[in-house]
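K.L.:
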Amino acid sequence: MARRAGARKTAAKAAAGPAAEAADRLVDAALRLAGRQGWRRTGLGAIAAEAGLPLDEAHAACPSKLALLARFHRRIDRAALAGTSAADEPPRDRLFDALMRRFDALAPHREALRAILRDSMADPAALLGLPALLRSMGWMLERAGVSAAGWRGRCRAKLLTGLYLSVLRVFLDDDSADLARTMAALDRRLRAMESWLGLGAVDASR
Numbered sequence: 064m065a066r067r068a069g070a071r072k073t074a075a076k077a078a079a080g081p082a083a084e085a086a087d088r089l090v091d092a093a094l095r096l097a098g099r100q101g102w103r104r105t106g107l108g109a110i111a112a113e114a115g116l117p118l119d120e121a122h123a124a125c126p127s128k129l130a131l132l133a134r135f136h137r138r139i140d141r142a143a144l145a146g147t148s149a150a151d152e153p154p155r156d157r158l159f160d161a162l163m164r165r166f167d168a169l170a171p172h173r174e175a176l177r178a179i180l181r182d183s184m185a186d187p188a189a190l191l192g193l194p195a196l197l198r199s200m201g202w203m204l205e206r207a208g209v210s211a212a213g214w215r216g217r218c219r220a221k222l223l224t225g226l227y228l229s230v231l232r233v234f235l236d237d238d239s240a241d242l243a244r245t246m247a248a249l250d251r252r253l254r255a256m257e258s259w260l261g262l263g264a265v266d267a268s269r
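Quick note: the sequence shown uses our numbering, first residue 64, plus one each step.
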């Protein structure tokens, strides 16, 4: 029994690699098509064709546009969460760093992001991406040393989501090489929301 269980685990790991690669190809294809023709007009069949995948493999990897958005969120999350901060660095500085890492990771996909935002009011799949963004903002708070647990944490994540979306609009029009306008807007908004986000000191509830 143990041998069969081990064999199943090995097979699952072997299958996970190609599946993850296929999912990433689909995300990249979806972003390219969204930038060229808009998000609402981009269908799953066109995404699969752009990625060079048959429909059955595309469905197994990412069965919906919502799944594609969620995977894209996770990719950006990983970029934002990479690296470490000094233990004595203020939470606001840590959160600023994490969010700027997000914007750096998003920079190659501006056209696609513009299309998704432009079409989101008419596309439920894009609107349904909001829960994934809320989870992402919870991770950003944790990266800053601020708890995202409990009702207080959920409120913080919602506030940070609103802040992030307001800065995202600045970012989409920021053509400076160093994202100076984005950094200024983010710093200004974080200072204004510092106490509401629990950034005054490391959260004692952790």
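Don't be surprised by glycine CBs; every beta carbon is placed ideally from N, CA and C.
On a CA-only basis, which of Met163, Asp151, Ala114 is nearest Ile139? Give me that one, please.
P.N.:
Cα-wise, what sits closest to Ile139 is Met163.
K.L.:
Using C-beta distances below 8 Å, list every residue in its chain close to Ala145, excluding the 5 sequence neighbours before and after it, in chain order.
P.N.:
Cβ within range, chain order: Arg164.
K.L.:
Could you tell me the alpha carbon to alpha carbon distance between Leu226 and Asp236, rounded to whole angstroms?
P.N.:
Spanning the two alpha carbons is a distance of roughly 16 Å.
K.L.:
Roughly how far, in whole angstroms, is the beta-carbon of Glu84 from the beta-carbon of Leu96, given that I think they are within contact range, below 8 Å?
P.N.:
Their Cβ separation, rounded to whole angstroms, is 19 Å, which puts Glu84 and Leu96 out of contact at 8 Å.
K.L.:
Would you mind working out which of Arg251, Leu228, Met256 sits nearest Leu169, comparing C-alpha positions?
P.N.:
Leu169 has its Cα closest to that of Leu228, out of Arg251, Leu228, Met256.
K.L.:
Whole angstroms are fine: how far does the CA of Leu253 sit from the CA of Gly208?
P.N.:
When rounded, the distance between both Cα atoms is 15 Å.
K.L.:
State yes or no: is the C-beta of Ala93 within less than 8 Å of the C-beta of Leu131?
P.N.:
Yes, they are a contact pair.
K.L.:
Can you check which of these residues, Arg244, Leu223, Trp214, is closest to Trp202 by C-alpha distance?
P.N.:
Here the closest residue by C-alpha is Leu223.
K.L.:
How many Å lie between Ala243 and Leu118 at the Cα?
P.N.:
Whole-angstrom Cα-Cα distance: 42 Å.
K.L.:
If you follow the alpha helix (DSSP H) that Arg245 is in, where does it begin and where does it stop?
P.N.:
One point to set straight first is that residue 245 is Thr, not Arg, in the sequence displayed. Segment 243-255, the alpha helix (DSSP H) holding Thr245.
K.L.:
Within a Cβ cutoff of 7 Å, which residues of the same chain sit near Ala124, ignoring the five residues on either side of it in sequence?
P.N.:
Counting only Cβ-Cβ distances below 7 Å, and skipping sequence neighbours, we find Ala82, Ala85, Ala86, Leu89.
K.L.:
Going by Cα to Cα distance, which pick from Ala121, Asp238, Met184 is closest to Pro171?
P.N.:
Nearest of Ala121, Asp238, Met184 to Pro171, Cα basis: Asp238.
K.L.:
Does DSSP put Trp214 in a helix, a strand or coil?
P.N.:
Helix at Trp214.
K.L.:
Below 7 Å CB to CB, which residues in the same chain sit around Val230 once its five sequence neighbours on both sides are set aside?
P.N.:
If we look at Val230 and ignore the five residues flanking it on each side, its Cβ neighbours are Thr245, Ala248, Leu249, Arg252.
K.L.:
Residue ranges of each alpha helix (DSSP H) run of no fewer than 4 residues wholly in the segment 140-172, ordered along the chain?
P.N.:
Here the runs fully enclosed are 154-169.
K.L.:
Please classify Gly213 as buried or exposed, where buried requires at least 16 other C-beta atoms within 10 Å of its C-beta.
P.N.:
The residue in question, Gly213, is exposed, as its Cβ has fewer than 16 Cβ neighbours within 10 Å.
K.L.:
What does a CB cutoff of less than 6 Å around Arg198 pick up in its chain, not counting 5 residues either side in sequence?
P.N.:
Nothing listed; no residue qualifies.
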